[in-house]
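Have a look at the structure below before the remarks.
Number of protein chains: 2
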Amino acid sequence: MDEKIRVVQYGLGPIGCKSIEFLTERNHIDIVGAIDSDPKKVGVDIGDLATLPEPLGLRVEDNSKEALREINADIVVLTTTSSLEQICPQILDIVSTGKNIVSTCEELMYPWLTNPEIAGMLDAAAREYNVSVLSTGVNPGFLMDFLPLVMTGVCRNVNQVTVERIQNAQFRRLPFQTKIGVGLTVPQFEEKATQGSLRHVGLTESMHLIASGLGWRLEETTDIVNPVIASQPMVASSFTVKSGEVLGVNQIGRGYVNGEEVITLVFKAALGEPDPRDRILINGVPDIDMVIPGGINGDMATCAIIVNAIPVVIQSPPGLRTMADISPISFSKRL
Amino acid sequence: MDEKIRVVQYGLGPIGCKSIEFLTERNHIDIVGAIDSDPKKVGVDIGDLATLPEPLGLRVEDNSKEALREINADIVVLTTTSSLEQICPQILDIVSTGKNIVSTCEELMYPWLTNPEIAGMLDAAAREYNVSVLSTGVNPGFLMDFLPLVMTGVCRNVNQVTVERIQNAQFRRLPFQTKIGVGLTVPQFEEKATQGSLRHVGLTESMHLIASGLGWRLEETTDIVNPVIASQPMVASSFTVKSGEVLGVNQIGRGYVNGEEVITLVFKAALGEPDPRDRILINGVPDIDMVIPGGINGDMATCAIIVNAIPVVIQSPPGLRTMADISPISFSKRL
Numbered sequence: 001m002d003e004k005i006r007v008v009q010y011g012l013g014p015i016g017c018k019s020i021e022f023l024t025e026r027n028h029i030d031i032v033g034a035i036d037s038d039p040k041k042v043g044v045d046i047g048d049l050a051t052l053p054e055p056l057g058l059r060v061e062d063n064s065k066e067a068l069r070e071i072n073a074d075i076v077v078l079t080t081t082s083s084l085e086q087i088c089p090q091i092l093d094i095v096s097t098g099k100n101i102v103s104t105c106e107e108l109m110y111p112w113l114t115n116p117e118i119a120g121m122l123d124a125a126a127r128e129y130n131v132s133v134l135s136t137g138v139n140p141g142f143l144m145d146f147l148p149l150v151m152t153g154v155c156r157n158v159n160q161v162t163v164e165r166i167q168n169a170q171f172r173r174l175p176f177q178t179k180i181g182v183g184l185t186v187p188q189f190e191e192k193a194t195q196g197s198l199r200h201v202g203l204t205e206s207m208h209l210i211a212s213g214l215g216w217r218l219e220e221t222t223d224i225v226n227p228v229i230a231s232q233p234m235v236a237s238s239f240t241v242k243s244g245e246v247l248g249v250n251q252i253g254r255g256y257v258n259g260e261e262v263i264t265l266v267f268k269a270a271l272g273e274p275d276p277r278d279r280i281l282i283n284g285v286p287d288i289d290m291v292i293p294g295g296i297n298g299d300m301a302t303c304a305i306i307v308n309a310i311p312v313v314i315q316s317p318p319g320l321r322t323m324a325d326i327s328p329i330s331f332s333k334r335l
Numbered sequence: 336m337d338e339k340i341r342v343v344q345y346g347l348g349p350i351g352c353k354s355i356e357f358l359t360e361r362n363h364i365d366i367v368g369a370i371d372s373d374p375k376k377v378g379v380d381i382g383d384l385a386t387l388p389e390p391l392g393l394r395v396e397d398n399s400k401e402a403l404r405e406i407n408a409d410i411v412v413l414t415t416t417s418s419l420e421q422i423c424p425q426i427l428d429i430v431s432t433g434k435n436i437v438s439t440c441e442e443l444m445y446p447w448l449t450n451p452e453i454a455g456m457l458d459a460a461a462r463e464y465n466v467s468v469l470s471t472g473v474n475p476g477f478l479m480d481f482l483p484l485v486m487t488g489v490c491r492n493v494n495q496v497t498v499e500r501i502q503n504a505q506f507r508r509l510p511f512q513t514k515i516g517v518g519l520t521v522p523q524f525e526e527k528a529t530q531g532s533l534r535h536v537g538l539t540e541s542m543h544l545i546a547s548g549l550g551w552r553l554e555e556t557t558d559i560v561n562p563v564i565a566s567q568p569m570v571a572s573s574f575t576v577k578s579g580e581v582l583g584v585n586q587i588g589r590g591y592v593n594g595e596e597v598i599t600l601v602f603k604a605a606l607g608e609p610d611p612r613d614r615i616l617i618n619g620v621p622d623i624d625m626v627i628p629g630g631i632n633g634d635m636a637t638c639a640i641i642v643n644a645i646p647v648v649i650q651s652p653p654g655l656r657t658m659a660d661i662s663p664i665s666f667s668k669r670l
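Protein sequences, first through last, are from chains A and B.
Numbered by our numbering, the letters in the first sequence go through residues 1 to 335 in order.
Numbered by our numbering, the letters in the second sequence go through residues 336 to 670 in order.
Written out as structure tokens, the structure reads:
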């Protein structure tokens, strides 16, 4: 590709700012616009916002609809929300200006069964304007759905798929520890879990992506959040957790066909969790047991895959795409 | 897919026969033809040839050009040879009858740099007849090229890719043990290696596929075959190997950019080889170390992936495709 790809960064939270940093490292990409609704960010240089060594000479704009029309770009990196309902009008605005989209919106990763109406509407709009829309990330989008699906490619038969993503939260940043409930009492944890604020978003979408690829129709999915409870006191950088309090989260997604549990996704993140890993187990012919000891760092991998996805999304057939129906995404940069 | 996919099996060696068996297990596939040039196989029922419990009511035909014209099919599974030059006229015949192709021909997996003339001719022919041609398999095609490439999708940067495929040949079938030189003296091994009959075909193609995906231009590739030598006597099912004789093969492919070794592929198969595994190591940001302890059985996985590839190849854009530019292949069967 000789001409550079023109990218708009839409959403400048932690993932959006890291995305700016990663985008500047690619010699085939030009950042041509940045959009965020936060008045404190509007007008700020994106280099400063992303804490890069130097300003980039490009300021955040707030009126997204007008800005979108005026910016001549190939694709928008959309990192605003996990919610399909909230992201829907943003997507419609973007595609109506003829721009492709790569997003980290978890609920957009495979919305065909969770919200077929919005999925159909977004797909139709993307086709109308001849652009492609993809949501991806490390999880959902890669480790717990795309990668196990790809591994079944060498299987003669598949009966059951299990994925474990086990993380030791001891040395992770404070917002991550807070997000998984570290230091809460069990009742506090249960309350937050019920409200949905402790939930990792995406297990259901991951199960649907796996099942759709395998040709399975899941009759039921469950997604249950449990606390990991300290059996002895534990000290992390910013927390002292007493015995009986919460060390983190253990979330399990289960998908069923004919009453059998055919997909099991285990997402566990807790202080002091032993043997952190990403692991894929396929019960089939042959059985496959694949492990990444230590696991893959989530924030970095999510930003990397959305940046790596950019040229693939631009070249994809128009419509709302999933990781199962586009060409493989890989890192790409001339050495 | 409600209508069944009509498949011709072309080439009825061990892989072709196993492919017949796997094809019969898929409810979305009909085998509608079988072709082989061996007079001993022509006229034989393919169920008998594949040692299935029952004949399938379909006999092997020999005049491939005429047979191809007469058979109404969507795709041909082409398992005749490892050689690009030998498979080229077969492919031209097949695509001229409007049929897609999935092949196990190792040299066809990424021929754009090893033989750009034939690659261009096959690509043009496939486009002319609006069909797709893909070569795949477990290796080359998956473990040592596609899978590492896919893993770089979550990387911010990649400096070096290493893949190890280490197999213990102790309990493998006799032809495999013979193929890797078990029981030869070192001079016998060297002679066969020089002739090319001991070589695993595909390391160079795998390196080119990885490099093309990463946007790297390899200035040099090497592919060196060494014997694994017994330091003490060893007994396998059909061999007694003396100390100093050959236990198997250790083949290493290396790819270079700017004088640096950026791709290393290690294929080692020997009697008594400890710690058999498939392992992918990416030196980058982040580093990735992924392992499948025990490794994946090659013959089964190759047949599985060509059968799994069938619906994907049929739906691909026309032309000579590679694993890096088609939608991901997964197992698929309604539970």
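Each residue gets a CB set at the ideal place from its N, CA and C atoms; glycine is no exception.
Small disclaimer: the values here were computed from a predicted structure and weren't measured.
In the DSSP assignment, Gln344 of chain B is bridged to B:Ala369 and B:Val412. By the neighbour-count criterion, in which 16 or more other beta carbons inside 10 Å mark a residue as buried, Val648 of chain B falls on the buried side.
Taking 7 Å as the upper bound on Cβ-Cβ separation, chain A lies near residues Asn643 of the segment 641-655 of chain B. If you check the CB distance, Ala67 of chain A and Cys17 of chain A do not come in under 8 Å. Residue nearest to Val536 of chain B within the set B:Ile564, B:Phe602 and B:Ile381 is B:Phe602 (criterion: CA-CA distance). Non-local beta-carbon contacts of Gly516 of chain B in its own chain, meaning distances under 7 Å to residues more than five positions away in sequence, involve Phe524, Lys527, Leu533, Pro562, Val581, Gly583 and Val584 in chain order. With contact defined as three or more Cβ pairs closer than 8 Å, the segment 454-464 of chain B and the segment 491-502 of chain B are not in contact.
Residue pairing by DSSP places Ala269 of chain A opposite A:Gln167 and A:Val249 in a beta bridge.
Annotation for Ile355 of chain B: Gln344, Ile381 and Ala385 place their beta carbon closer than 6 Å to its own, counting only its chain and skipping 5 residues before and after. Taken atom to atom, the span from the alpha-carbon of Thr657 of chain B to that of Leu419 of chain B is near 14 Å.
Separation of Leu149 of chain A and Gly348 of chain B (C-alpha to C-alpha, rounded to the nearest whole angstrom) is 29 Å.
Asp613 of chain B: member of the beta strand (DSSP E) spanning Arg612 to Val620, first to last residue. Nearest to Ile641 of chain B by alpha-carbon distance, out of B:Ile422, B:Asp480, B:Gln512 and B:Ile410, is B:Ile410. Taking a Cβ-Cβ cut-off of 7 Å, the neighbours of Asn632 of chain B in chain A comprise Pro286, given in sequence order. For the 8 Å CB-CB criterion, Leu320 of chain A and Val133 of chain A form a contact. Distance from the CA of Asn407 of chain B to the CA of Glu261 of chain A, rounded to the nearest whole angstrom, comes to 40 Å. For the C-beta of Cys155 of chain A, the chain B residues within less than 7 Å are, from N- to C-terminus, Ala639 and Phe666. Note on the segment 212-249 of chain A: there is no whole alpha helix (DSSP H) run with a minimum of 4 residues.
The Cβ neighbour count for Leu509 of chain B, taken over all protein chains shown within 10 Å, is under 16; the residue is labelled exposed. Between Pro628 of chain B and chain A, the shortest Cβ-Cβ separation is below 8 Å.
Val77 of chain A places its beta carbon 8 Å or farther from that of Ala301 of chain A.
Nearest CB-CB separation between Pro475 of chain B and chain A: not below the 8 Å threshold.
Interface flag for Phe22 of chain A against chain B is set, since a Cβ pair is found closer than 8 Å.
Separation of Ala309 of chain A and Thr185 of chain A (C-alpha to C-alpha, rounded to the nearest whole angstrom) is 40 Å. Looking at the backbone, the Cα of Arg172 of chain A and that of Ser651 of chain B are separated by about 42 Å. Judged by their CB atoms, Ile229 of chain A and Gln251 of chain A are not nearer to each other than the 8 Å cut-off.
Taking a contact as a CB-CB distance under 8 Å, the pair Cys440 of chain B and Ile422 of chain B counts as one, their CB atoms being some 5 Å apart.
Residue environment analysis places Asn435 of chain B among the buried positions, since at least 16 neighbouring C-beta atoms fall within 10 angstroms of its C-beta.
As summarised for the segment 114-177 of chain A, the continuous alpha helix (DSSP H) elements at least 4 residues long and confined to that stretch are 116-128 and 146-151, given in chain order. Shortest Cα-Cα distance from Leu122 of chain A to any of A:Glu220, A:Leu92 and A:His28 involves A:Leu92. Cβ atoms of Gly295 of chain A and Arg165 of chain A come within 8 Å of each other, at about 7 Å.
Per the coordinates, the alpha-carbon of Arg341 of chain B lies some 5 Å from the alpha-carbon of Asp365 of chain B.
Chain B places no beta carbon closer than 8 Å to that of Pro274 of chain A, leaving this residue out of the contacts. Ala124 of chain A sits exposed, since fewer than 16 C-beta atoms from the chains shown fall within 10 Å of its C-beta.
Nearest in C-alpha terms to Gly196 of chain A, of all of A:Lys179, A:Ser332 and A:Asn258, is A:Lys179.
The C-beta separation of Gly153 of chain A from Phe666 of chain B comes to about 7 Å, placing the pair in contact by the 8 Å criterion.
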